[in-house]
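Those letters in the sequence shown? Residues 2 to 163, by the numbering used here. Comments concern the structure below.
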Amino acid sequence: MSGERTTSSPPLAGSGRDPGGGRGHRGTAVAVAAALVLLAGCGSEVPAPAPVPEGLGEVTVAADGVQEITVQTRDDYEFYPDHFTVAPGRVRLTVENVADQMTHNLEYTDEELPAPIDAGVPFLAPGQQETIEFDVTTPGDYPFACTFHLQLGQVGTMTVSG
Ligand SMILES: [Cu+2]
């Protein structure tokens, strides 16, 4: 810490009351510094994200010829991975919620799909997993989301290759 003034008003109050014309670059710098301090303070309490296990998110073909993929959810608002690619055909998707606290789901975002997908995982408590199967034929990007945490950006995309 060099002599930064961290006692100035918080960034929100500062930017809200900016007097007309007075574009304070100095004020911005202080606000950014304060934000960095806040972020650093936060970061020390959040555990580092667990590494993605080898093979997670890889699409493989099972003995019965069906493409298989596992996606994990955790105690955050991400899918691991949040993007995967399958070929046209049958897909066996496992969603594994390895979270300690949070519930998640995985639903395809109907109105944006190149073609309907009549499958989804409606609810996963911590520690639960569920496997669904469906067929895809139309190439394109198929967005999916956790509808509980859509507002927090828990979204992903399945691409069906051409
Ligand atoms: Cu979620």
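Cβ coordinates follow ideal geometry from the N, Cα and C atoms, glycine included. Because the structure is a prediction, the values reported are computed rather than measured.
Inset, instruction - Would you tell me roughly how many angstroms separate the C-alpha atoms of T139 and H150, rounded to the nearest one? - result: Straight-line Cα distance between these residues: approximately 27 angstroms.
Legend entry - Contact belief for F80 with T86 at Cβ below 8 angstroms, rounded distance in angstroms: That belief does not hold up - the Cβ atoms of F80 and T86 are roughly 14 angstroms apart, past 8 angstroms.
Inset, instruction - Return helix, strand or coil for D142, following the three-state DSSP convention. - result: D142: strand per DSSP, three-state reduction.
Legend entry - Identity of the residue in G66, E59, R91, A64 nearest V72 by Cα: Among G66, E59, R91, A64, the Cα nearest to that of V72 is on E59.
Inset, instruction - With a threshold of 6 angstroms, establish whether the CB of F124 neighbours any heavy atom of ligand 1. - result: Relative to ligand 1, F124 has its C-beta separated by 6 angstroms or more from all heavy atoms.
Inset, instruction - May I ask you to report which of helix, strand or coil DSSP gives D111? - result: Helix.
Inset, instruction - Helix, strand or coil for Q129, going by three-state DSSP, please let me know. - result: DSSP, reduced to helix, strand and coil, places Q129 outside both helices and strands of the structure shown, so it counts as coil.
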